[in-house]
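S.K.: The listed protein sequences derive, respectively, from chains W and E.
Take the first sequence: its position 118, counting from 1, is numbered 123 in this note's numbering, and each next residue is one higher.
Take the second sequence: its position 49, counting from 1, is numbered 53 in this note's numbering, and each next residue is one higher.
Okay, handing you the structure first.
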Amino acid sequence: MDVVDRYLQSVRSYLPGKAQDDYVAELRENIQSQVEDREERLGRPLTEEERVAILRAHGHPFLVAGAYRSDGRRLVLGREVIGPALFPFYRLALIAAGTMTVLVVAFGSVANMVGDRSPFPALRTAFFQLSLLVTVATVVFAALDAHFRRTAQTWDPRRLHASARSSTTPTSRRVQAALQIVFTLAFLWFWVVPAPLGFARYAAAHDMQLGQAWGLLHLGLTASTVLSLATPALVMFRPAWHRFRWLVSLFSSGAFIAFAAAALWSRDWLLPAAGLDALEAMDVASACLHINRGIGFALALSVVIAALITVFEVVQGAWNEYRRSGTAPGATEAPSGDGFR
Amino acid sequence: MGDDLYENLRMELRRGSVIVAALAQLRTEHYGYALRKALEDQGLQVDEDTLYPLLRRLEAQGLLVSEWREEDRRRKRFYRISRQGQALLDRLLAEWRDINAALKRIL
């Protein structure tokens, strides 16, 4: 397989399935015509260096495929901040941010109305959430775009061998990681800011208050989510440290399991609100007991599943590490095998 | 910063011009590389990563039509302007001539 074939295969890996053959066939024909035209003018076959120069002029496979996929739209804030290749992914992130905001509005409005409060604070919260998400998405994608622009000057088509056959290349993994960071930050904000208020209001509307178990679970999920950000961050900024990703996963899941187990032990998710008379307190305590059992059962199931997944990931990571240590250094996976550093 | 600004403005200026040039050149049928060469021969150099996706976009917008055909024992995708594209090109060229005339008077 020569350098042109590897290049086309790499472009193909970034294209949507139904369009792959058509785009790649046309691109192949154009490249071949250009090579033949140059050879005719020079009166000799092109050297590999000259073929490489033609491919470099076409652009990195990720950007070429992105240009075919895009409708040409870009984000311009004084200057081009997000180019056409990344814009479809950026738009996807904004759609997700919008969806998340609608959920927050719905959740907050219902919680407020149940608590006999105006639904407008939920709209205010939604506005801040949307602003925050749009800002985070723009910053993350602008940074990624700037990274691609820098590396577009130095990539080498001869280094396309390692990932050309794979549908997930290092570059597409970076884009996925950027999306993952945006979505995780969105969830984190939702979980830390509006969610506790919503739960507290819901409980108060039913003469209940949140107990210690809730606080432990909230802290555990927050810690676990913050730690899980390290995985996409490693993919984006330190792909060579891929062997540590399973450790990150271990810490992240470990935090969730530890706090969830403590919460299970504590059991008091909901308690009767203070200031109730004896009869009311008994009724509410009975309702709390049923709800606490239900939550406890669901959480116990989650902890078991999370623990099983964690054990599997740790064993798999350790096994991969063992296999790597038994092979020659050159046999390890090249993290930037598409030559796009 | 000065170079960046110049480059951004130059790109903005070229973006629309390349569309007009491609539509005008495709009044005669061409395949991708032949079109690029034809534009280059007339003094307009367009990067490959700009021109080929642009052809697909213009086709998706109904301004071009294309077909796969064999030439020199190889299958190539030939593009030509559509009726809708021709109508749009006429309007764009009228606009272009007005801008050009105004710029000539200003400069």
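Ideal Cβ placement from N, Cα and C applies to all residues, glycine included.
#1: Please compile the residues from chain W whose C-beta is within a distance smaller than 7 Å of the C-beta of residue 33 (chain E).
#2: Measure the beta-carbon distance from residue 138 (chain W) to residue 12 (chain W) and round it to whole angstroms, keeping in mind my assumption that it falls under 8 Å.
#3: My output table needs one value for residue 102 (chain E): the three-state DSSP class, helix, strand or coil.
#4: Any Cβ of chain W within less than 7 Å of the Cβ of residue 14 (chain E)?
#5: Residue ranges of each beta strand (DSSP E) run of no fewer than 3 residues wholly in the region 165-226 of chain W, ordered along the chain?
#6: How many Å lie between residue 97 (chain W) and residue 197 (chain W) at the Cα?
#7: Once DSSP output is grouped into helix, strand and coil, what is the label at residue 136 (chain W)?
#8: Apply the 10 Å Cβ neighbour rule to residue 106 (chain E) and answer buried if 16 or more other Cβ atoms are within range, or exposed otherwise.
#9: Could you please give me the residues that DSSP links to residue 69 (chain E) through a beta bridge?
#10: So, helix, strand or coil for residue 50 (chain E), using DSSP?
#11: Going by beta-carbon coordinates alone, are residue 69 (chain W) and residue 53 (chain E) separated by less than 7 Å?
#12: Check the C-beta distance from residue 17 (chain E) over to residue 93 (chain E) and give it rounded, since I have them as a contact under 8 Å.
#13: Short of 6 Å in beta carbon distance, which residues of its chain neighbour residue 63 (chain E), apart from the five on each side in sequence? Order them along the chain.
#14: DSSP beta-bridge partners for residue 74 (chain E)?
#15: Can you check DSSP and say which residues form a bridge with residue 81 (chain W)?
#16: Comparing alpha-carbon positions, which option in W:41, W:195, W:62 lies nearest residue 103 (chain W)?
#17: In chain order, what residues of the region 34-50 of chain E put their CB closer than 9 Å to some CB of chain W?
#18: Have a look at residue 192 (chain W) and residue 95 (chain W) and give me their C-alpha separation to the nearest angstrom.
#19: Taking a contact to mean a Cβ-Cβ separation below 7 Å, would you say residue 66 (chain E) touches residue 88 (chain E) in this structure?
#20: Per DSSP, residue 275 (chain W) is paired with what?
#21: What does residue 39 (chain W) reach in chain E if we use C-beta pairs closer than 9 Å?
#22: Using the C-alpha atoms, what's the distance from residue 88 (chain W) back to residue 145 (chain W)?
#23: How many angstroms separate the CA atom of residue 55 (chain W) from the CA atom of residue 84 (chain W)?
#24: Could you tell me whether any Cβ in chain E is nearer than 7 Å to the Cβ of residue 167 (chain W)?
#25: So that I know if they touch, is there some Cβ in chain W lying closer than 7 Å to that of residue 108 (chain E)?
#26: Can you pull the DSSP bridge partners for residue 35 (chain E)?
#27: Going straight from the alpha carbon of residue 40 (chain E) to that of residue 48 (chain W), what length do you get?
#28: Please list the partners that residue 8 (chain E) has in chain W, where partner means a Cβ-to-Cβ separation under 9 Å.
#29: Is residue 81 (chain E) close to chain W? Criterion is C-beta to C-beta, closer than 7 Å.
#30: Please list, in chain order, the chain E residues whose beta carbon lies closer than 7 Å to that of residue 68 (chain W).
#31: Would you report the Cα separation of residue 43 (chain E) and residue 99 (chain W), rounded to the nearest angstrom?
#32: Classify residue 103 (chain E): buried if its beta carbon has 16 or more other beta carbons within 10 angstroms, exposed otherwise.
#33: Taking the alpha helix (DSSP H) that residue 47 (chain W) belongs to, which residues open and close that run?
#34: What are the boundary residues of the alpha helix (DSSP H) that includes residue 236 (chain W)?
#35: Check each candidate in E:110, E:111, E:109, E:100 and name the one with the smallest Cα separation from residue 20 (chain E).
#36: Can you find the residues in the same chain that come closer than 6 Å, C-beta to C-beta, to residue 72 (chain E), ignoring five residues on each side of it along the sequence?
M.R.: Checking against the coordinates, here is how it stands:
#1: Ordered by position in chain W, no residue passes the 7 Å Cβ test against residue 33 (chain E), which lies about 15 Å from the chain.
#2: 36 Å between Cβ atoms; not a contact.
#3: helix
#4: no
#5: 213-215
#6: 24 Å
#7: helix
#8: exposed
#9: E:84
#10: coil
#11: yes
#12: Between residue 93 (chain E) and residue 17 (chain E) the Cβ distance is about 19 Å, and since that is not below 8 Å, they are no contact.
#13: 70
#14: E:79
#15: W:85
#16: W:195
#17: 35, 36, 37, 38, 40, 41
#18: 17 Å
#19: yes
#20: W:215
#21: 37, 40, 41, 52
#22: 13 Å
#23: 33 Å
#24: Residue placement at residue 167 (chain W) is poorly supported in this model, since its pLDDT is 47, which falls under 50; the coordinates still yield a value, given next. Taking Cβ atoms only, chain E never reaches closer than 7 Å to residue 167 (chain W), which makes this a no.
#25: no
#26: E:82
#27: 21 Å
#28: 84
#29: yes
#30: 53
#31: 38 Å
#32: exposed
#33: 25-47
#34: 235-242
#35: E:100
#36: 79, 81
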